[in-house]
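Reading through the structure tokens given below for one structure.
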Amino acid sequence: IDGEFHGKVRTKGKVLIGKNGIAECQIFAGTVVIGGKVTGDIFAIERVILLSTGELIGNIKTPRIVIEEGVIFEGTCEIIEDRNKFETVKRAFIEEFFTGGEFYKKNNLYINQVSDENNIKDSIESKDEAAINDSIDFKGDAKKLKKDLERDFIQKKNVKTEQKV
Numbered sequence: 001i002d003g004e005f006h007g008k009v010r011t012k013g014k015v016l017i018g019k020n021g022i023a024e025c026q027i028f029a030g031t032v033v034i035g036g037k038v039t040g041d042i043f044a045i046e047r048v049i050l051l052s053t054g055e056l057i058g059n060i061k062t063p064r065i066v067i068e069e070g071v072i073f074e075g076t077c078e079i080i081e082d083r084n085k086f087e088t089v090k091r092a093f094i095e096e097f098f099t100g101g102e103f104y105k106k107n108n109l110y111i112n113q114v115s116d117e118n119n120i121k122d123s124i125e126s127k128d129e130a131a132i133n134d135s136i137d138f139k140g141d142a143k144k145l146k147k148d149l150e151r152d153f154i155q156k157k158n159v160k161t162e163q164k165v
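Throughout the sequence shown, residue numbering follows UniProt numbering, covering 1 to 165 in sequence.
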């Protein structure tokens, strides 16, 4: 990114914010390299590299980080070495990324920017789960993740309902 960007980025590969880049976004990637200005949280499966020209206002979660002298960084950095903890944090980040924190809204299944590999689909709202499954070509891990997230949110919704009674 060498221009302005607002939104969310998800890739298994590398995200590079060039020295002229200005981004307000959440980033979920294999590797994140920041040489420009970024406002937002970062989750990197492999590593985060903050170049000397980089400015980051946000939080980082990653197993490895490289910080060059001269970086401006305001936020927290959590180095996650424990594989089990890493998977838990990764799952929470993905959950928030996919759903904006909510899967069910007014008894409708709500999916926001579901990703199948690198293709980001538009938001889908439907009462019919079969229609959603037909609309989105989930494969392998993405399909399993969707089912797991649905189950988790149903359980959370039931717990919240029980607590209100």
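Here a beta-carbon is modelled for each residue, glycine too, at the ideal position from N, C-alpha and C. The structure presented is a predicted model; accordingly, all values stated were derived computationally and were not measured.
Using DSSP with H/G/I as helix, E/B as strand and the rest coil, what is L50?
strand
Separation of E68 from A61, as counted between CA atoms:
The question names Ala, but residue 61 is Lys in the sequence shown. So the alpha carbons of these two residues sit roughly 18 Å apart.
What does the Cβ neighbour count give for D41, buried or exposed, with the cut at 16 atoms within 10 Å?
buried
For E81, three-class secondary structure by DSSP
coil
Give the single residue among T53, V38, I34 whose Cα lies nearest to the Cα of I65.
I34
Whole angstroms are fine: how far does the CA of G58 sit from the CA of I17?
14 Å
Given this structure, state the Cα-to-Cα distance separating A23 from G13, to the nearest angstrom.
18 Å
Assigned exposure category for I27 - 16 Cβ within 10 Å defines buried:
buried
From K19, V15, I45, T11, residue whose alpha carbon lies closest to that of residue 166
Look at the range of the chain in this structure, 1 to 165, and you will see that residue 166 is not part of it.
Looking only at its own chain, which residues have a Cβ that is under 7 Å from the Cβ of S52, when we skip the five neighbours before and after it?
E68, E69, G70, V71
Please work out which residues of its chain come closer than 7 Å, Cβ to Cβ, to G7, disregarding the five sequence neighbours upstream and downstream, and give them in chain order.
C25
Under the criterion of a Cβ to heavy atom distance below 7 Å, does K37 qualify as lining the ligand MG?
Absence of the ligand MG from the depicted structure is noted, as is the absence of any ligand whatsoever, leaving it without description.
Straight-line Cα distance separating R10 from L50:
18 Å
I'd like the list of long-range same chain contacts for V15, defined as Cβ closer than 6 Å, with 5 residues on each side in sequence excluded.
V9, I27, A29, V32
Within 10 Å of its beta-carbon, does G36 have 16 or more other beta-carbons around it, so buried, or fewer, so exposed?
buried
Of the choices A44, F5, F73, G75, whose alpha-carbon is the least far from that of P63?
A44
Look at the alpha carbon of V48 and the alpha carbon of I1, and state the distance between them as a whole number of angstroms.
15 Å
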